[in-house]
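Visitor:
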Amino acid sequence: MAPLIDKVTKYATAVVNGEVKCGQLHRLACQRHLDDLKKQNTKDFPYYWDPKAAMRVISYAETLTVAEGTEPKQVKLIPSQIFDIGCTFGWKKTVNGCRRFRRRYKSLARQNGKTFENGILGTYIGGFSGYRHGKLFTVATKKRQARLAWEEMAKFITIDPDLNDLFAVKDYKSLIVAMETECTIEALSREAGLDDGFRAIFASIDELHQHQDNKAYKAIYNGTRALPETLVSMITTRGKMLNSFCKEMDDYAIKVLKGLTSADDFFIDIYCLDPDDDIWDEKNWIKANPFLCLDKEKMATLRQDARTARDMGGMDLADFLCKSLNMWVK
958 MAPLIDKVTK YATAVVNGEV KCGQLHRLAC QRHLDDLKKQ NTKDFPYYWD
1008 PKAAMRVISY AETLTVAEGT EPKQVKLIPS QIFDIGCTFG WKKTVNGCRR
1058 FRRRYKSLAR QNGKTFENGI LGTYIGGFSG YRHGKLFTVA TKKRQARLAW
1108 EEMAKFITID PDLNDLFAVK DYKSLIVAME TECTIEALSR EAGLDDGFRA
1158 IFASIDELHQ HQDNKAYKAI YNGTRALPET LVSMITTRGK MLNSFCKEMD
1208 DYAIKVLKGL TSADDFFIDI YCLDPDDDIW DEKNWIKANP FLCLDKEKMA
1258 TLRQDARTAR DMGGMDLADF LCKSLNMWVK
């Protein structure tokens, strides 16, 4: 009897086999996982795949409750989220069993759950990773933006009686305290004095395309070097500044996915249309919108937005291409 394949690997296999409609860059992220499985625990690749570790965080995510909306509902991850979250936590270092990935870059169109996903990662690391007295941050150029991921975490906690016993939410301080681990989760921003010296076991850096330079990223990442495990999770929709840190990071991430350079500590997934795709063919939109396009009502709204953008042109068209199709727009 053949061994059961874990959910992450099963999804990656389906993508690579052409069973899932997606863009080339997401397919390369899945291919990278499958290629790494073949060379795990070798001299040149001292990492191994731990499917149980991947399933622990996936199972945790699906115990959470979505507070926003007309009524609470349980989190149900879509397959691509299972892949991204599972990959991030399932790969370990052979030498000590610590997580392989210290950096994470995920790019997709707006309203597809990227901030929501970082909220899952933050509460899991803060409360259940086993690390004590750690510092976690949500980071953006402005405090209001930095609070978005922080608020996702707060909503998970306040709606759930079990998490309410494990975390204390201090909204007036933009601070969450994990009672058992004594880890803290705090919202930080460039405008509020973000500077060097932050030793973060987790940092959510939101909307990277809004960052004019790499100072916020470096302030966080440079402080993590002495930590055995960390996760600097960069999330963004592509933007309109081609001369920007986000574009540089995006270009570098694509090189890693294409095998043009190596970065074994860097998890990457980019959801976007391919260069030759017809942008008006709605069958292609799922490549940038893996969540929105699964819902008929949300898809209808996206269809109407596309019609308006095509008819108006100009800035509205540029906005649609960028925010709804995750394309770089000059």
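This note's numbering applies: residue 958 is where the sequence shown begins, and numbers increase by one.
All residues carry an ideal CB built from backbone N, CA and C; glycine is no exception.
Specify the secondary structure class of residue 1281 as computed by DSSP and reduced to three states.
Guide: In this structure, residue 1281 counts as helix in the three-state DSSP scheme.
Visitor: So what's residue 913 in DSSP terms, helix, strand or just coil?
Guide: The structure shown does not extend to residue 913, since the chain is modelled only from 958 through 1287, so no value can be given for it.
Visitor: By a C-beta neighbour count over all protein chains shown, 10 Å radius and 16 as the cutoff for buried, is residue 1047 buried or exposed?
Guide: Classification of residue 1047: buried, given that the 10 Å Cβ count is 16 or more.
Visitor: I'd like to know whether the C-beta atoms of residue 1093 and residue 1142 end up nearer to each other than 7 Å.
Guide: Yes, the Cβ-Cβ distance between residue 1093 and residue 1142 is below 7 Å.
Visitor: Work out the CA separation of residue 1160 and residue 1215 for me, nearest whole Å.
Guide: Distance between the alpha carbons of residue 1215 and residue 1160: 26 Å.
Visitor: Taking the C-alpha atoms as reference points, what is the distance between residue 1122 and residue 1035?
Guide: Their Cα atoms are separated by approximately 28 Å.
Visitor: Output the boundary residues of the alpha helix (DSSP H) element that contains residue 1108.
Guide: Residues 1100–1115.
Visitor: Would you check if there are 3 or more beta carbon pairs closer than 8 Å linking the segment 995–1008 to the segment 1238–1253?
Guide: Contact fails: fewer than three Cβ-Cβ distances are below 8 Å.
Visitor: Can you confirm whether the segment 1133–1142 touches the segment 1093–1106 when touching is taken to mean that 3 or more C-beta pairs between the two stretches lie within less than 8 Å?
Guide: Touching, per the Cβ criterion.
Visitor: Can you tell me the Cα-Cα spacing of residue 1051 and residue 1063, whole angstroms?
Guide: Taking the straight line from one Cα to the other gives about 25 Å.
Visitor: For residue 1270, count neighbouring C-beta atoms within 10 Å of its own C-beta (all shown protein chains included) and say buried if the count is 16 or more, exposed if not.
Guide: Counting Cβ neighbours within 10 Å, residue 1270 comes out exposed, since fewer than 16 surround it.
Visitor: Considering just the uninterrupted stretch of the beta strand (DSSP E) at residue 929, what are its terminal residues?
Guide: Since the first residue shown for the chain is 958 and the last is 1287, residue 929 is missing from the structure and cannot be characterised.
Visitor: Please state whether DSSP places residue 1226 in a helix, a strand or coil.
Guide: Correct three-state label for residue 1226: strand.
Visitor: Where does the unbroken beta strand (DSSP E) through residue 1143 begin, and where does it stop?
Guide: Where residue 1143 is concerned, the enclosing beta strand (DSSP E) stretches over 1141–1146.
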